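*Asks:*
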Amino acid sequence: MTDIDATFAAADAADETATLTPGQVFRRRMFGHTGFLIGAGLIALIALVAIFAPLLAPHDPFAQSLSTRMLPPAWVDGGTWDHIFGTDQNGRDYLSRLIYGTRVSITIGIGAATIGLLIGVTLGVLAGYFGGWVDHGISFLLTAQLALPGLLLAMALVFIIGPSIWVVIGIVGVLHWTYYLVVTRSATQRIRNLDFVAAAAASGANPRQIIWHEILPNLFSSIIVIFTFELGIAILAESSLSFLGVGIQPPTPSWGLMIAEGKQAMFYRPWLVILPGVCLFLLVIGANLMGDGLRDITSPEGRNE
Amino acid sequence: MSALLEIRDLSVALPLPAGTLHAVREVDLTLDRGQSIGIVGESGSGKSMTALALMRLLPRGARHGATRLAFDGVDLASLSDAGFAREIAGPRIGMIFQEPMTSLNPVYTIGRQMTEGAVSRGMLSAPDARRKALDLLDRVGIPDPETRFGQFPHQMSGGQRQRVMIAMTLMLDPELLIADEPTTALDVTVQAQILDLLDDLRRERDMATILISHDLAVVAERTDSVAVMYGGQVIEQGAADDVLHRPAHPYTQSLLHAIPQVGGTPARLSAIPGTVPSLTRPPTACVFAPRCDHRRAECVAQRPPTRTGASGHAWRCVLETPPRSGRGAEPLRAPPTAANADIVLAARDVRQVYTTRKAMFAAKREIVALDGVSIDLHRGETLALIGESGSGKSTLARILLGLAEPTSGEVTMLGRPVAALSPVERASFVQPVFQDPYSSLNPRRRLSEIIERPLWLRGEHDAAKRKAAVDEAMDHVRLPKRLLHSYPSQLSGGQRQRVAIARALVTRPEALVCDEPTSALDVSVQAQILNLLDDLRAEMGLTCLIITHDMAVVHQVADRVAVMLEGRIVEEGPAQRVLASPESAYTARLLAAAPRFEAVPDRLEVAQ
Amino acid sequence: MLRYIALRGLLALLVAFTVSLAAFFLLNVATDPAQAIAGEDAPPEVVESIRARYGLDRPLPVRYADWLGGVMTGDFGESYYWHKPVATLVADRADETITLALSALAVTILIAIPLGALAALNPNSWIDRFALGVAVSAQAVPNFWLGLIVIILFAVTFPIFPVSGDDTWRHFVLPAFVLGASSVPAVMRLTRTGLIEVMGADYIRTARAKGFRGWPLLRRHALRNALLPVISVLAVQLGQKFGGSVITESIFAINGLGRLALESILGADIPTVQMLIFVFAIVFVAMNLLADILNAALDPRIRIG
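Chains as they are written, first to last, in the working numbering: chain A, 1 to 305; chain B, 1001 to 1608; chain C, 2001 to 2305.
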């Protein structure tokens, strides 16, 4: 047994990272990744604003006032500190509408990205695990989905079915699963051929047990990464639909819709267009930075940043 | 005569996220014109980094430095990168690599890749370059060079590609050829041919060579001198004969003891405890001290001095005289098995035919992977299945494990056809151990979960019983129980392979099927696992089918051996008999090609 | 080789028709076209007579077969809204969109490929960080908002280009930039990772050991290998440009297919929407087919199996 003790003495003396659990490595890398911290910070901040919108908003976002229409922001001549970001065409407080706009964006982002996740991961794992005709069939479905002009179809369907936040979530979600599918399919194909899956099969595990116990835990980090990116994509899709008039309908404060409403006056009241755009940009860039960061953090070799 | 190559105090450092890796430290090497040197070491010893530093091919970010780096009297440090690329890399020093499958550009023809170096340098006109390339292809043993010249790499086998790589390097007539593990990815018979070819070319052209290998046997037969690397340092070097027959450093001695041999009576290997060190800290002591049998207080307190023996033999060790290699050959613990024991696992006339298509809707092609294979595994014996890649041995393993169904034929477990067994019943008969310890454990599960999983799948829902069985399995494979809560990424390759064996043993199966269980491991770790298999046979009467490509492993562990070639068993019999007097011509070829060296462990002499 | 192309072509057609089938059913199930033509307040008798006149009282599969039969002879039906043959409407407007899509692709290529290549050749340098910054920002900017911002900047504040319209090449500069920018992140990232991967490949090490370095190394050994995947993604992006023209054309008032799509959706003009989806899908699969052929021509592993 002295052999064995020496073995582990040597192994323990080996480099420290090898002795950390995957969770510890993750946390260590997470706090060392600037991009991730910025992204996650932005997302957390905006999520808090969405949750506490009623406490934060200085005015009722729906309260119209003909006497205070199109006030400029407070720092421009004619602005008042009562309406820090000014007011819109109907005299509604712009800051309050921007604050309530977080709720629409985040609800739609999470809802649609979750629907896409369920469809894409299910199809991807099935195609990757079973291969053969299942894979051919699902791959055909993928090509067909990619060939669909998604925005056009989404516009048509939302318009026809009748716009509501739930319709937008459903349609954006149903049209955004391909990224999940592509990634989980190839990852499943790779993992399926690893020896630990063969070992499980040799121990009598059935496909369902192999998928849940061996494969899905190893897909978890890629799925989270895609979810973060899809969050941003879904938010942009909603804003595009709302901008074109076939998404969220007035008077609900949606940033895309606010840009469309502000467009009429954009040459002399540019903040009506700029401010909601900046909000969208910050939210989506937060999601993207977080996604990029998570990808670096969870990749096996990490990234030196 | 001045040396062709002179390296003094070479060091290489690689930046890693976790810190700096000191991959090479204080390496001195000298090579004369027409001479050959072998650099030997286990993974991470710095042997390839040394060559890459010389060729300025280090990964981005890596730094290297040396007090002297000279080629044919020219100080290489004085050359700019452009000057080095123009004058040295190619026309004076050529290099070939380990992976022939990826070392040629897949989108260009062999001919273009061979001729471009000479043509773009203006050394040869295009027609002359073509003529020379055809001659060289012929010389390295490529049949029909005219056709091959216009073909793409993916149309050739691995051995052929390595020949093309050699011919391509020779296009510029270098004075020094560096071969970095040139045969590691190839089958053993092809390996012997390529090494012979390199040897012949060296003599013909009076070309110096550096042969880098993890395999002492490969180097021993073919080089004038040998440098043994460990932990980024050359710990011993000298004439090949001195280093192999009169090793002075304890590491070299242990390494020679750890290599299984094809001849003699098999005995316990002297495994070196522990694993190769990581090199994230600058050395303050002997790099081998943690694993050394002769360790003293000085070893960890100071860096060992360089000691010299006769004719340039040098080593780094605190011991003034080399230790006597004290380990007597301990006999194997496991008793030989009775020939008439029950048949645990049997295959009868198994045929496996794959139909493939080159593309969707393309014509089907049939590939016969197994062609009427019958094999019996008796209780308590170790049967080795040996063959080269493509022989069908891994296909047979999958069928025996019940992971694949044969096209025809039958597999029985204790007389019952496997098709009639449920997956869980089958699992209690036979369990696998795989080659790659990095892919055989789920990286997201703790060891305790990995090892108990087969019990859970069998329906054992009593956690206490599972825990007891896991503890017992950990004891069997000599792993301390504190590792139970670790993840696979926290273990070394050898430890992972022990976990894989523990998982296979936890349900107490009748037999193990081990597919190349040691070929991904370093020699010193391989010895640990081979000894463990011997222990398990002695302690629990393990029945085992071992698939391998290595004759020495067969000799070390097997009672019986079956030799496979192109889906058939061409020879079967007691291991001792088959190795001593093979009946099939193919077995004889395999044996002849197996690298070996004359230093028989129990006759090791000691320097001075 | 020919067989390969023929099979790919067949698959592409199959995809296009699957897309048209899906679109047909979605559009016709989700709404009642007769009601849409008649208007929301139309009395039931009127709706019924319209239903009979347009043949909308027949079962869906029959109507799809009818539509498909028409497509085979180049007859895509008549627009409910403009009362003209849909094929004429589309043909009249296709020029503008083709011009826009191709010039947008040119913008993408000119920005993304050099930037991606420079980043790959100097990893972790300032240019790599800059390129990453461009990619992350371009991904987070809502495309319609970017359109409005460049109008405010380059047509109003600094009147260099016309605000809207489609008469001269100058009208296409801003729209092409906006539409092209949306593809920059994907193409740039792929160029970067592809080239980094190639530069780390064993065959590049072989070429370096033969004394190649710098531009000759890149030109003779790396570029073709690295560009293979970029060709495929450019095809996907070009295909999506047509569908993406909806937003750009509506912002810049370009009278192309995208604007036609928006108008016909808002007018519930199902035959036009149906044909546009089909045309966009055909363009998408045709571009992908072209990429497959190019890849086969450049990669002997596909050409000589």
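In this text, a Cβ means the ideal position worked out from N, Cα and C, and glycines have one as well. Keep in mind that this is a model prediction, so the values were computed, not measured.
Rounded to whole angstroms, what is the Cα-Cα separation between residue 1407(B) and residue 1420(B)?
*Replies:* Taking the second sequence and counting its residues from 1, the one referred to as residue 1407(B) is at position 407. Taking the second sequence and counting its residues from 1, the one referred to as residue 1420(B) is at position 420. About 16 Å.
*Asks:* In terms of residue numbering, what span does the beta strand (DSSP E) encompassing residue 1239(B) cover?
*Replies:* Within the second sequence, numbered from 1, the residue matching residue 1239(B) stands at position 239. Note, residue 1239(B): beta strand (DSSP E), 1233-1239.
*Asks:* Hey, does residue 1366(B) have any beta-carbon neighbour from chain A nearer than 9 Å?
*Replies:* For the purposes of this step, residue 1366(B) is taken as the residue at position 366 of the second sequence. So no, residue 1366(B) is outside the interface.
*Asks:* Enumerate in chain order the residues of its own chain whose CB-to-CB distance from residue 2046(C) is below 8 Å, with the five nearest sequence positions on each side excluded.
*Replies:* Translated into the one-based positions of the third sequence, residue 2046(C) becomes position 46. So the qualifying residues of the chain are 2038.
*Asks:* Indicate the three-state DSSP secondary structure (helix, strand or coil) for residue 1030(B) in the structure shown.
*Replies:* Here the question's residue 1030(B) lines up with position 30 in the second sequence. In this structure, residue 1030(B) counts as strand in the three-state DSSP scheme.
*Asks:* Starting from the beta carbon of residue 1434(B), find every residue of chain A whose beta carbon is closer than 8 Å, and list them in chain order.
*Replies:* Reading the second sequence from its first residue, position 434 is the one you call residue 1434(B). The contacting residues are 195, 198, 199.
*Asks:* Between residue 1588(B) and the rest of its own chain, which residues show a CB-CB distance below 6 Å, the 5 nearest in sequence each way excluded?
*Replies:* Locating residue 1588(B) in the second sequence gives position 588, counting from the first residue. So the list reads 1582, once near-sequence residues are dropped.
*Asks:* Can a CB atom of chain B be found closer than 9 Å to the CB of residue 209(A)?
*Replies:* Counted from its first residue, the first sequence places residue 209(A) at position 209. So yes, residue 209(A) belongs to the interface.
*Asks:* Measure the alpha-carbon distance for residue 2134(C) versus residue 2036(C) and round it to whole angstroms.
*Replies:* As a position in the third sequence, residue 2134(C) is number 134, starting the count at 1. As a position in the third sequence, residue 2036(C) is number 36, starting the count at 1. Residue 2134(C) and residue 2036(C) have their C-alpha atoms spaced approximately 44 Å apart.
*Asks:* Within the same chain, show all residues whose beta-carbon is closer than 6 Å to that of residue 246(A), passing over the 5 residues directly before and after it, in chain order.
*Replies:* Taking the first residue of the first sequence as position 1, residue 246(A) is located at position 246. If we look at residue 246(A) and ignore the five residues flanking it on each side, its Cβ neighbours are 155, 158, 159.
*Asks:* Can you check DSSP and say which residues form a bridge with residue 140(A)?
*Replies:* For the purposes of this step, residue 140(A) is taken as the residue at position 140 of the first sequence. Residue pairing by DSSP leaves residue 140(A) without any beta bridge partner.
*Asks:* Please state if the CB of residue 2020(C) and the CB of residue 2271(C) are separated by a distance shorter than 9 Å.
*Replies:* For the purposes of this step, residue 2271(C) is taken as the residue at position 271 of the third sequence. For the purposes of this step, residue 2020(C) is taken as the residue at position 20 of the third sequence. In this structure, residue 2020(C) does not lie closer than 9 Å to residue 2271(C) by Cβ.
*Asks:* Starting from residue 1116(B), find everything on chain C with Cβ-Cβ shorter than 7 Å and list it in chain order.
*Replies:* Here the question's residue 1116(B) lines up with position 116 in the second sequence. By Cβ distance, chain C contributes 2220.
*Asks:* How about residue 299(A): is its C-beta nearer than 9 Å to some C-beta of chain B?
*Replies:* If you number the first sequence from 1, residue 299(A) lands on position 299. So, not an interface residue.
*Asks:* Compare the beta carbon distance of residue 234(A) and residue 108(A) with 9 Å and say whether it is the shorter of the two.
*Replies:* Against the first sequence, residue 234(A) aligns to sequence position 234. Against the first sequence, residue 108(A) aligns to sequence position 108. Contact flag set, yes.
*Asks:* Please compile the residues from chain A whose C-beta is within a distance smaller than 7 Å of the C-beta of residue 2031(C).
*Replies:* By 1-based counting over the third sequence, the position of residue 2031(C) is 31. Ordered by position in chain A, the residues that pass the 7 Å Cβ test against residue 2031(C) are 160.
*Asks:* Between which residues of its own chain and residue 1366(B) is the CB-CB distance below 6 Å, once the five residues before and five after are set aside?
*Replies:* Position 366 of the second sequence, counting from 1, holds the residue named residue 1366(B). Here the set comprises 1353, 1355.
*Asks:* Where do the ends of the beta strand (DSSP E) carrying residue 1226(B) lie?
*Replies:* For the purposes of this step, residue 1226(B) is identified with residue 226 of the second sequence, where counting begins at 1. 1225-1230 is the span of the beta strand (DSSP E), which, as asked, contains residue 1226(B).
*Asks:* Indicate whether the contact test is met: 3 or more Cβ pairs, each with one atom in the region 165-177 of chain A and one in the region 142-156 of chain A, closer than 8 Å.
*Replies:* yes
*Asks:* Could you check whether the Cβ of residue 190(A) sits closer than 9 Å to any Cβ belonging to chain C?
*Replies:* Here residue 190(A) is taken as the residue at index 190 of the first sequence, counted from 1. For residue 190(A), the answer is no, since every Cβ of chain C falls outside 9 Å of its Cβ.
*Asks:* Identify the residues that DSSP records as bridge partners of residue 1432(B): which are they?
*Replies:* Walking along the second sequence from the start, residue 1432(B) turns up at place 432. Partner(s): 1513(B).
*Asks:* Along chain C, which residues have their Cβ under 9 Å away from the Cβ of residue 259(A)?
*Replies:* Position 259 of the first sequence, counting from 1, holds the residue named residue 259(A). Chain C residues near residue 259(A): 2142, 2144, 2145, 2148.
*Asks:* Using the Cβ count rule (16 or more neighbours within 10 Å means buried), how would you classify residue 1004(B)?
*Replies:* Residue 1004(B) sits at position 4 when you count from the first residue of the second sequence. With 16 or more Cβ atoms within 10 Å of its Cβ, residue 1004(B) is classed as buried.
*Asks:* Is the region 1167-1179 of chain B touching the region 1074-1094 of chain B, taking contact as three or more C-beta pairs under 8 Å?
*Replies:* yes
*Asks:* Identify which residue in 1126(B), 1404(B), 1470(B) has its Cα closest to the Cα of residue 1508(B).
*Replies:* As a position in the second sequence, residue 1508(B) is number 508, starting the count at 1. The candidate whose alpha carbon is nearest that of residue 1508(B) is 1470(B).
*Asks:* Return helix, strand or coil for residue 1544(B), following the three-state DSSP convention.
*Replies:* As a first step, residue 1544(B) is located in the second sequence; it is residue number 544 there, counting from the start. Correct three-state label for residue 1544(B): strand.
*Asks:* Give the residues from the region 1045-1078 of chain B that approach chain C closer than 9 Å (Cβ to any Cβ), ordered along the chain.
*Replies:* 1052, 1055, 1056, 1057, 1059, 1060, 1061
*Asks:* Going by C-alpha to C-alpha distance, which of 2104(C), 2147(C), 2284(C), 2117(C) sits closest to residue 2225(C)?
*Replies:* Within the third sequence, numbered from 1, the residue matching residue 2225(C) stands at position 225. When each option's Cα is compared against that of residue 2225(C), the closest is 2117(C).
*Asks:* Please list, in chain order, the residues of the region 2232-2261 of chain C that have any C-beta partner in chain A closer than 9 Å.
*Replies:* 2236, 2239, 2240, 2242, 2243, 2244, 2246, 2247, 2250, 2251, 2258, 2261
*Asks:* Leaving out five residues on either side along the sequence, give the residues of the same chain with a beta carbon under 8 Å from the beta carbon of residue 2012(C).
*Replies:* Position 12 of the third sequence, counting from 1, holds the residue named residue 2012(C). Around residue 2012(C): 2285, 2286, 2288, 2289.
*Asks:* Measuring CB to CB, does residue 2304(C) end up less than 9 Å from residue 1154(B)?
*Replies:* As a working mapping, residue 2304(C) is identified with position 304 in the third sequence. As a working mapping, residue 1154(B) is identified with position 154 in the second sequence. Going by C-beta atoms, residue 2304(C) is nearer than 9 Å to residue 1154(B).
*Asks:* Determine contact between the region 2136-2144 of chain C and the region 2214-2224 of chain C, defined as no fewer than three beta-carbon pairs at a distance below 8 Å.
*Replies:* no
*Asks:* Closest by CA to residue 1596(B), which one among 1219(B), 1129(B), 1166(B)?
*Replies:* Position 596 of the second sequence, counted from the first residue, corresponds to residue 1596(B). Nearest of 1219(B), 1129(B), 1166(B) to residue 1596(B), Cα basis: 1219(B).
*Asks:* Mind pulling the beta strand (DSSP E) runs of 3 or more residues that sit fully within the region 1326-1411 of chain B?
*Replies:* 1343-1357, 1364-1378, 1382-1386
*Asks:* Quick one: what's residue 1071(B) bridged to in DSSP?
*Replies:* The residue labelled residue 1071(B) in the question sits at position 71 within the second sequence. The partner list for residue 1071(B) (beta bridge, DSSP) reads 1005(B), 1074(B).
*Asks:* Quick one: grab the DSSP three-state call for residue 1678(B).
*Replies:* Nothing can be reported for residue 1678(B), as the shown portion of chain B is limited to 1001 through 1608.
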